[in-house]
Every structure is written in structure tokens, then in C-alpha cells.
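**Q** Residue numbers (the working numbering): 306 to 481.
The beta-carbon is built from N, C-alpha and C at its ideal position, and this holds for glycine as well.
For clarity, every value in this text was computed on a predicted model and none was experimentally measured.
1. Specify whether the region 358-372 and the region 443-459 touch according to this definition: at least 3 beta carbon pairs, one from each stretch, less than 8 angstroms apart.
2. Please report the Cβ distance between residue 380 and residue 416, rounded to the nearest whole angstrom; I am assuming they are in contact, meaning their Cβ atoms lie under 8 angstroms.
3. Could you give the residue range of the beta strand (DSSP E) that holds residue 468?
4. Take residue 398 as the anchor and find which of 440, 407, 391 and 392 has the nearest alpha-carbon.
5. Looking at the unbroken beta strand (DSSP E) that takes in residue 331, where does it start and where does it end?
6. Which residues bound the beta strand (DSSP E) around residue 412?
7. Indicate the three-state DSSP secondary structure (helix, strand or coil) for residue 374 in the structure shown.
8. Would you kindly work out how many angstroms separate the C-alpha atoms of residue 431 and residue 334, rounded to a whole number?
9. To the nearest angstrom, report how far apart residue 322 and residue 339 are at their CA atoms.
10. Can you tell me which residues form a DSSP beta bridge with residue 451?
11. Along the chain, where does the beta strand (DSSP E) containing residue 479 start, and where does it finish?
12. I need the DSSP call for residue 345, collapsed to helix, strand or coil.
13. Find out if the Cβ-Cβ distance for the pair residue 355, residue 392 is shorter than 8 angstroms.
14. For residue 330, which residues of its own chain have a beta-carbon under 8 angstroms away from its beta-carbon, when the five flanking residues on both sides are left out?
15. What span of residues does the beta strand (DSSP E) with residue 362 cover, start to end?
16. Going by beta-carbon coordinates alone, are residue 467 and residue 343 separated by less than 8 angstroms?
17. Alpha carbons only, please: which of 438, 476 and 373 is nearest the one belonging to residue 404?
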């Protein structure tokens, strides 16, 4: 149901389930190679990317909305960053949708594909950010990554999850 409304489910620092839309807010935090980054693992996939994504469905028929208007509802979103060949992607709506609802579903699916394009596990020392709060408070927010070894220019990634660890080998670390 959340996908139908372009809502992404994440948990906050207290373990409460929250819903948010794409277009995340910046955290104001940075991860810097040679600074607070202890270790990093990064992967990039392009096999899931598509130039455009179409959601097809049907809406409820009424006296005012009938025929092909009700039977052929479509919404297409384009990925402006895509640079490969033609790979159209079409999904069927899970239940009856209006055109704006189909657009919300397409936006959700494209955002999901974008979150799977890049994945990074970045380890920092301690459990606290430079602001003095825990990294958990920033799940779902954007963070600036400045690591020429990973990517040549600074860029923003969303924090998908945080794991705080303490052991005798590594000490107190956070994996973002």
C-alpha cells in the first residue's frame, strides 16, 4: 500500500516505523576520506536502471469516467540520469488507480531502482556524529560523501541504515 502512494518505510532512531517520500532532506553531515572514514565498501549496479518506467492500470468506471479513459490508465516517469540504450520498463498497478495515483506508483518504483544503483558501507569511529547526536537520528537523510577513491567528486547519498558496534578488536564504530 505504501508503494501505491510513493511512501518509503524506514525506522527512526527509536525503532518507530515512519513513512517518507523521495526528495530527502539533507543532514548537513559529511563523510570525508582521510577524515572520519575508517573503511569503505562501495558497489555500483547498472543492470537495474531504465530510461523510463510506466505504470499501467485501470480506474473505477463511472458514468463520467468510462471506456478507454477508465480501462487504460498510464503514467510514465523518466530517469534524467540514464545514459544507456532503450530498456523500457512496465509494471501493472496492483489495484485500480487514477492517473495521479499511477504517477505516484511510478515515482516510487523509479526511486526504489535508484536506491539499488549505489550501495556503500562506510565505517566511522564512534557512535556520534560531529554534531554530537547519534547516526541513527539521520536515517533517511542525505549525507555528503567526499572520497576520491570511491567517486571522483563529492556527492550526496541517503543513509539507508546504521549499525553501531563495539568489540575488543575495532573498539566503538558505526557502519553507515
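**A** In short, the structure shows the following:
1. Inter-segment contact for the region 358-372 and the region 443-459 is absent: fewer than three beta-carbon pairs are separated by less than 8 angstroms.
2. The beta-carbon separation of residue 380 and residue 416, rounded to 14 angstroms, does not stay under the 8 angstroms limit for a contact.
3. Residues 468-472.
4. Of the listed residues, the one whose Cα sits closest to residue 398 is 407.
5. Annotation: the continuous beta strand (DSSP E) that includes residue 331 extends over 331-337.
6. It is not in any beta strand (DSSP E) - residue 412 instead sits in the alpha helix (DSSP H) that spans 404-422.
7. Helix.
8. Roughly 15 angstroms separates the two Cα atoms.
9. Those two C-alpha atoms are separated by around 35 angstroms.
10. DSSP output for residue 451 lists 337 as bridge partner(s).
11. Counting along the chain, the beta strand (DSSP E) containing residue 479 begins and ends at 476-480.
12. Residue 345: strand per DSSP, three-state reduction.
13. Yes, they are a contact pair.
14. 446 and 447.
15. Segment 357-362, the beta strand (DSSP E) holding residue 362.
16. Not a contact, by the Cβ cut-off of 8 angstroms.
17. Nearest option by C-alpha distance: 373.
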